[in-house]
Amino acid sequence: MKQLNHGKRSLVTTLILLIFITVMNAETNYPEKILTTKDGSRINITLFKHASLSLEYDGIEIYVDPVTKVGDTTIDYTELPKADYILVTHEHYDHLDPKAIEELSKPGTQIILNETSEKQLGKGTVMANNESMNLKDGIVLESVPAYNTTPGREKFHPKGNGNGYILNFDGTRIYIAGDTEDIPEMSQIKNIDLAFLPVNQPYTMTIDQAEKAALTIKPKILIPYHFSDTPIKELKDRLDKDKSGIDVELYPME
């Protein structure tokens, strides 16, 4: 994987014991997922809607695909903590929202996005597929492919354009897939503690594809997101934890 020069590379060899807790974020009234590592550090993940979420670790605020308007839901970012980093997977309106980015930005906010999004937004640091970047000591960002493979769907998300992201917080690995189907490259995604997979055919994955993707990646926890009106409980039922070893958690991320 190509290394972008954004600080000292973090080498992690210790095994991390995770404790998973779910609460409501008092600031946003959206569900929050708390991951606690063996050394007591916390990763606070706020689940807004659709593909929009945030992660806070050691005082660093990271937003992924922040969007103001999702269906009938309007998300007000003005009162939330400002972003140190904003990650954008690709340029579609439900992932790239200049208004939300503006509301979350402060002096020094770094926007990281794919090339097409950078051209639309007019600013930011471009990451292509299969690159890595040190956000700060202890936080490494990797970009991975995200695209459609089913004949007739390639136009939605062509290969080589969009990103998925893996965030490594001192050994705790979180995979945010972006808009993708169950692509072959998922076989190279390993040691994932928490995965976000999209399940809204025809734009991303069918339930069958999401099941296959989950069994390929084998995260400790799977949170389906970006699922629109897909009957998402069927995926949870199929991935019975006793059989799959995957804990599927459902949140209103349609």
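Numbering-wise (numbering that gives the first Met the number 0), the sequence shown opens with residue 0 and increments by one.
The C-beta atom is built at its ideal place from N, Cα and C for all residues, glycine as well.
Quick caveat, the model's predicted, so the values are computed rather than measured.
Helix, strand or coil at residue i according to DSSP, with G and I counted as helix
{"i": "residue 215", "result": "helix"}
{"i": "residue 235", "result": "helix"}
{"i": "residue 185", "result": "helix"}
{"i": "residue 15", "result": "Interpretation of residue 15 is limited by its pLDDT of 36, a score under 50 that renders its predicted location unreliable; the figure taken from the coordinates is listed afterwards. The answer is coil: DSSP assigns residue 15 none of H, G, I, E or B."}
{"i": "residue 171", "result": "strand"}
{"i": "residue 158", "result": "coil"}
{"i": "residue 111", "result": "strand"}
{"i": "residue 57", "result": "coil"}
{"i": "residue 209", "result": "helix"}
{"i": "residue 241", "result": "helix"}
{"i": "residue 80", "result": "coil"}
{"i": "residue 191", "result": "coil"}
{"i": "residue 63", "result": "strand"}
{"i": "residue 247", "result": "strand"}
{"i": "residue 31", "result": "strand"}
{"i": "residue 20", "result": "Annotation note: pLDDT 47 at residue 20 (below 50); position unreliable, coordinate value reported separately. Residue 20 falls in the strand class under three-state DSSP."}
{"i": "residue 229", "result": "coil"}
{"i": "residue 179", "result": "coil"}
C-beta atoms of residue i and residue j nearer than 8 Å
{"i": "residue 159", "j": "residue 128", "result": "yes"}
{"i": "residue 112", "j": "residue 123", "result": "yes"}
{"i": "residue 108", "j": "residue 71", "result": "no"}
{"i": "residue 174", "j": "residue 216", "result": "yes"}
{"i": "residue 166", "j": "residue 140", "result": "yes"}
{"i": "residue 206", "j": "residue 198", "result": "yes"}
{"i": "residue 234", "j": "residue 34", "result": "no"}
{"i": "residue 250", "j": "residue 54", "result": "no"}
{"i": "residue 222", "j": "residue 253", "result": "no"}
{"i": "residue 142", "j": "residue 130", "result": "yes"}
Of the listed residues the options, nearest to residue i (C-alpha basis)
{"i": "residue 153", "options": "140, 179, 132, 206", "result": "179"}
{"i": "residue 184", "options": "144, 31, 103", "result": "144"}
{"i": "residue 125", "options": "118, 133, 114", "result": "114"}
{"i": "residue 97", "options": "139, 66, 224", "result": "66"}
{"i": "residue 50", "options": "94, 148, 202", "result": "94"}
{"i": "residue 330", "options": "218, 238, 244, 139", "result": "The question about residue 330 has no answer here: the residues shown for the chain are numbered 0 through 253."}
{"i": "residue 177", "options": "103, 134, 168, 225", "result": "225"}
{"i": "residue 189", "options": "241, 164, 202", "result": "164"}
{"i": "residue 135", "options": "63, 119, 204, 168", "result": "168"}
{"i": "residue 162", "options": "182, 149, 151", "result": "182"}
{"i": "residue 137", "options": "237, 172, 92", "result": "172"}
{"i": "residue 201", "options": "101, 240, 146", "result": "146"}
{"i": "residue 119", "options": "203, 149, 92, 241", "result": "92"}
Continuous beta strand (DSSP E) stretch holding residue i: start and end
{"i": "residue 144", "result": "138 to 145"}
{"i": "residue 40", "result": "Where residue 40 is concerned, there is no enclosing beta strand (DSSP E), given that its DSSP letter is neither H nor E."}
{"i": "residue 134", "result": "130 to 135"}
{"i": "residue 223", "result": "220 to 224"}
Endpoints, alpha helix (DSSP H) assigned at residue i
{"i": "residue 100", "result": "97 to 103"}
{"i": "residue 119", "result": "114 to 120"}
Check whether the region 69 to 79 touches the region 31 to 40, taking contact to mean three or more Cβ pairs, one atom from each stretch, closer than 8 Å.
-> no
Touch check for the region 86 to 96 and the region 208 to 222: three-plus C-beta pairs under 8 Å?
-> no
Is there contact here, the region 226 to 236 with the region 51 to 60, by at least three beta-carbon pairs under 8 Å?
-> no
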